[in-house]
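Everything below concerns the one structure shown next.
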Amino acid sequence: MAKTLLPLVIGLGLAGGPALCNPIADVICAPTDQMTRKLTQQFGTTRSASGLRSPEEVVEIWTDSDGDWTMVIAYSTGQSCIVAMGAYWQETEAKNPA
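Below you can see the structure in the form of structure tokens.
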């Protein structure tokens, strides 16, 4: 998935000079609607899970049929950022919260 996300970085115009020296340069941000379109239409992922991190932040897990996954934080400002990605995502059985 990392190889397939390179066009996302370039397509969103987020690859740049000074950011490459930044230790958090792997974080990719874009307007939420644009990020959602890229993840679903271009990369074939679906939102598998989400949870509230704070009143202003929702953590989302996007997965594809090959088991690649992407963690996105959606902010109340309308921006979303990819903060992690990996492979071999596995679903677990839902547990009764009671």
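Throughout the sequence shown, residue numbering follows mature numbering (1 follows the signal peptide of the UniProt record, and there is no 0), covering -21 to -1, 1 to 77 in sequence.
C-beta atoms are modelled at their ideal positions from N, C-alpha and C, and glycine is treated no differently.
Close CB contacts of S29 within its chain, under the 6 Å cut and outside five residues either way in sequence, are with V37 and E39 (chain order). For T56, there is no enclosing beta strand (DSSP E), since its DSSP letter is neither H nor E. Per DSSP, the continuous beta strand (DSSP E) segment holding T25 begins and ends at T25 to S33. For S59, the number of other beta carbons within 10 angstroms of its own is at least 16, and it is reported as buried.
M14 and V51 do touch by the CB rule: their CB atoms are close to 7 Å apart, below 8 Å. DSSP places T11 within a helical segment (H, G or I) once states are collapsed to three.
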